[in-house]
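Student: Encoded as structure tokens, here's the structure I'll be asking about.
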Amino acid sequence: MFHESPRAASLLMATKPVSKPGLEEEVAQVHRIRITLTSKNVKALEKVSADLVKGAKDKQLKVKGPVRLPTKTLRITTRKSPCGEGTNTWDRFEMRIHKRLIDLHSPADVVKQITSISIEPGVEVEVTIADV
């Protein structure tokens, strides 16, 4: 059983976080922002990721990336013949999906300015924000 002693009370008070009023307002809340870019077109994807990284570095933000994730290859193999008769000839269709990750450490309002660049058609952008 825990007995309250003056020493135990002083130890508990020593571990309590100290917060000063007004301190939170001065420092802007820094977020960890992950931007995920997805596209079928590699050139457009590389252009958008380069523009995002350049815009973030112009604002002196901490940037990691673009990290190239493995390409997903979606394959469909189908018969050429619509009726099923004849020789067995096959069509093989393939779609490749490329993905890039960019990590930023910045306030949330700065991200709005960075992501306001013109994004190429066919490039999907997903932004997730987490506190540091």
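Letter 48 of the sequence shown, counting from 1, is numbered 76 in our numbering, and no numbers are missing. Yeah, the Cβ is synthetic: ideal placement off N, Cα and C, and Gly gets one too.
Alpha carbon to alpha carbon, how far is Glu52 from Thr143?
Tutor: Locating residue 52 in the sequence shown gives position 24, where the first residue counts as 1. Locating residue 143 in the sequence shown gives position 115, where the first residue counts as 1. At Glu52 the pLDDT is 48, less than 50, meaning the model places this residue with poor confidence; the figure from the coordinates comes in the next sentence. So the two alpha carbons sit approximately 26 Å from each other.
Student: Using CA coordinates, which residue listed in Gln141, Ile61, Lys68 is at the minimum distance from Glu122?
Tutor: Counting from one through the sequence shown, the residue named residue 122 turns up at place 94. For Glu122, the closest alpha carbon among the candidates Gln141, Ile61, Lys68 is that of Lys68.
Student: How long is the line joining the alpha carbons of Val153 and Ile145, rounded to whole angstroms?
Tutor: Counting from 1 along the sequence shown, the entry for residue 153 is found at position 125. Counting from 1 along the sequence shown, the entry for residue 145 is found at position 117. If I take the Cα positions, the gap works out to 12 Å.
Student: Could you compute how far the alpha carbon of Ile130 sits from the alpha carbon of Gly150?
Tutor: In the sequence shown, residue 130 corresponds to position 102, counting from 1. In the sequence shown, residue 150 corresponds to position 122, counting from 1. Distance between the alpha carbons of Ile130 and Gly150: 18 Å.
Student: Quick check: the Cα distance between Asp79 and Leu132, rounded to an integer number of angstroms?
Tutor: As a first step, residue 79 is located in the sequence shown; it is residue number 51 there, counting from the start. As a first step, residue 132 is located in the sequence shown; it is residue number 104 there, counting from the start. Asp79 and Leu132: Cα-Cα distance of roughly 14 Å.
Student: Quick one: grab the DSSP three-state call for Gly83.
Tutor: Locating residue 83 in the sequence shown gives position 55, counting from the first residue. Three-state DSSP puts Gly83 in a helix.
Student: Since I believe Glu148 is in contact with Ala72 (beta carbons under 8 Å), could you give me their beta-carbon distance rounded to a whole number of angstroms?
Tutor: Looking up residue 72 in the sequence shown gives position 44. Looking up residue 148 in the sequence shown gives position 120. Yes, they are in contact, since the Cβ atoms of Ala72 and Glu148 sit about 4 Å apart, within 8 Å.
Student: With burial defined as no fewer than 16 other Cβ atoms inside 10 Å of the residue's Cβ, what is the status of Leu102: buried or exposed?
Tutor: The residue you call residue 102 lines up with position 74 of the sequence shown. The residue in question, Leu102, is exposed, as its Cβ has fewer than 16 Cβ neighbours within 10 Å.
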